[in-house]
Amino acid sequence: MKKILTLAIVLASLVNANAQQKITEGVVVYTLSWNVPEQAQAMAASLPTEVQVFFKGDSSSMKMESQFFSSQSILNTKKEYERMLLDIPMMSKKYSVIFTPADQEMLADKYPQMSFKPSSESKVLNGYKASKFEVYESKTDIKFDVWFTKDIDVVANPLSRFYEASYGFPLEFTSFQNGLSVKASVKEIQKTSVPAGMFSAGKDYEEMTLTQLMQMRGGQ
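Here you go:
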């Protein structure tokens, strides 16, 4: 009986050791490497090389700083909620855009179309075991590798939103932002409390529609 009990305890400890860890609140720090066309190299210096993504429950919030403005993308895929905040100091303007279902459907048509091929390669990234998938994106005709881990479960965010959770959480991958592709790598995952107000707009933000925003940007 003692041997059976000991074996059961050992097996239980092994299962717990290999169980996926769900992280419900914290910050993911990413390093970014942008793929900028030659004709747009002048803007390369203004693009961020590191971003923080705050998350809590099913919500995530990513803020990008540039020389001329800052933007904050707020996402909750479970509630199909998406908002963008723009702060333009040189214009003394702050704008808030809530994406309607029609807006989200229009943007979804521009999402990458990717096919995945698993490989036998694996490695440890930031202490997490990761598996490599070879990916082909048909709209841009590019190929790249993505490293997923199933050691942790972290909610989808504006960078990782293009990847299904069934593959795991992407640690090294290519994302797509404002018509550009960017290689994102997880630098650090911090389990910490998220500041209040990270998933909403302050009273000093002016509400506008996505159509109005696109008109401001010349229809892009």
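Note that numbering that gives the first Met the number 0 gives residue 163 to position 164 of the sequence shown, counting from 1, and the numbers run on in steps of one.
Glycine included, each C-beta is placed from N, C-alpha and C at the ideal position.
Quantities reported herein were computed from a predicted structural model and do not represent experimental measurements.
Considering only their Cβ atoms, is the gap separating F161 from F147 smaller than 8 angstroms?
Numbered from its first residue, the sequence shown carries residue 147 at position 148. Numbered from its first residue, the sequence shown carries residue 161 at position 162. No.
Apart from the five residues on each side of it in sequence, which residues of its chain come closer than 6 angstroms, Cβ to Cβ, to A200?
Walking along the sequence shown from the start, residue 200 turns up at place 201. For A200, where only same-chain residues beyond five positions count, the Cβ hits under 6 angstroms are L84 and S95.
Would you mind working out which of F198, G196, E187 and L179 sits nearest Q38, comparing C-alpha positions?
The residue you call residue 38 lines up with position 39 of the sequence shown. Among F198, G196, E187 and L179, the Cα nearest to that of Q38 is on L179.
Apart from the five residues just before and just after K131, which ones in its own chain have a Cβ nearer than 6 angstroms to its Cβ?
Your numbering for residue 131 matches position 132 in the sequence shown. Closer than 6 angstroms at Cβ, skipping near neighbours: S118, E120, D144 and W146.
What residues in its chain sit with their C-beta under 6 angstroms from that of Q189, if we drop five residues either side in the sequence?
The sequence position of residue 189 within the sequence shown is 190, counting from 1. G25 and V26.
Taking 8 angstroms as the cut-off, decide whether the C-beta atoms of D152 and F168 are in contact.
Here the question's residue 152 lines up with position 153 in the sequence shown. Here the question's residue 168 lines up with position 169 in the sequence shown. The answer is yes: Cβ separation under 8 angstroms.
Residues in the same chain with beta-carbon distance under 7 angstroms from S33, minus the five sequence neighbours each way, listed in chain order, please.
Here residue 33 corresponds to residue number 34 of the sequence shown, with the count starting at 1. The residue you asked about is not Ser; residue 33 is Trp in the sequence shown. Taken in chain order, the residues that qualify are A43, L46, L179 and V181.
For my contact list, N125 and L158 are in at a C-beta cut-off of 8 angstroms; report their separation, rounded to the angstrom.
As a working note, residue 125 is residue 126 in the sequence shown. As a working note, residue 158 is residue 159 in the sequence shown. Actually they do not touch by this definition, with Cβ atoms about 16 angstroms apart.
Taking C-beta to C-beta, are N156 and V35 nearer than 8 angstroms?
The residue given as residue 156 occupies position 157 in the sequence shown. The residue given as residue 35 occupies position 36 in the sequence shown. Result no, Cβ atoms of N156 and V35 do not sit closer than 8 angstroms.
Mapping DSSP to helix, strand and coil, what is L10?
Locating residue 10 in the sequence shown gives position 11, counting from the first residue. Note that L10 scores 38 on pLDDT, short of 50, meaning its location in the model is unreliable; the coordinates nonetheless yield the value given after this. Three-state DSSP puts L10 in a helix.
Note down the Cα distance separating K93 from A41, rounded to an integer number of angstroms.
Numbered from its first residue, the sequence shown carries residue 93 at position 94. Numbered from its first residue, the sequence shown carries residue 41 at position 42. Using only the alpha carbons, I get a separation of about 25 angstroms.
Return yes when at least one heavy atom of the ligand ZN lies under 7 angstroms from the C-beta of I188, else no.
Absence of the ligand ZN is noted for the structure shown, with no ligands found whatsoever.
Measuring CA to CA, which of V123, Q103, T191 and D150 is closest to T208?
As a first step, residue 208 must be located in the sequence shown, where it is residue number 209. Closest option to T208, Cα to Cα, is Q103.
Span separating the alpha-carbon of A129 from that of S65:
Residue numbering aside, residue 129 sits at position 130 when the sequence shown is read from its first letter. Residue numbering aside, residue 65 sits at position 66 when the sequence shown is read from its first letter. Looking at the two C-alpha atoms, the distance is approximately 32 angstroms.
Go ahead and pull the three-state DSSP assignment for N15.
Counting from one through the sequence shown, the residue named residue 15 turns up at place 16. Confidence is the limiting factor: at N15 the pLDDT is only 42, short of 50, which leaves the residue's position unreliable and the question unanswerable from this model.
Use the C-beta contact count for D150: other C-beta atoms within 10 angstroms, 16 or more gives buried, fewer gives exposed.
Taking the first residue of the sequence shown as 1, we reach residue 150 at position 151. Burial call: buried.
Inter-residue Cα distance where the pair is L10 and A18:
In the sequence shown, residue 10 corresponds to position 11, counting from 1. In the sequence shown, residue 18 corresponds to position 19, counting from 1. Low confidence applies to L10: its pLDDT is 38, below 50, so where it sits in the model is not reliable, and the reading given next is rough at best. One C-alpha to the other measures close to 12 angstroms.
With a threshold of 16 other CB atoms inside 10 Å of the CB of L106, please say whether the residue is buried or exposed.
Locating residue 106 in the sequence shown gives position 107, counting from the first residue. With fewer than 16 other beta carbons inside 10 angstroms of its own, L106 counts as exposed.
Give every residue of the same chain whose Cβ lies closer than 6 angstroms to the Cβ of F115, excluding the five residues on either side of it in the sequence, and list them in chain order.
One-based indexing of the sequence shown puts residue 115 at position 116. Correct list, in chain order: F132 and V134.
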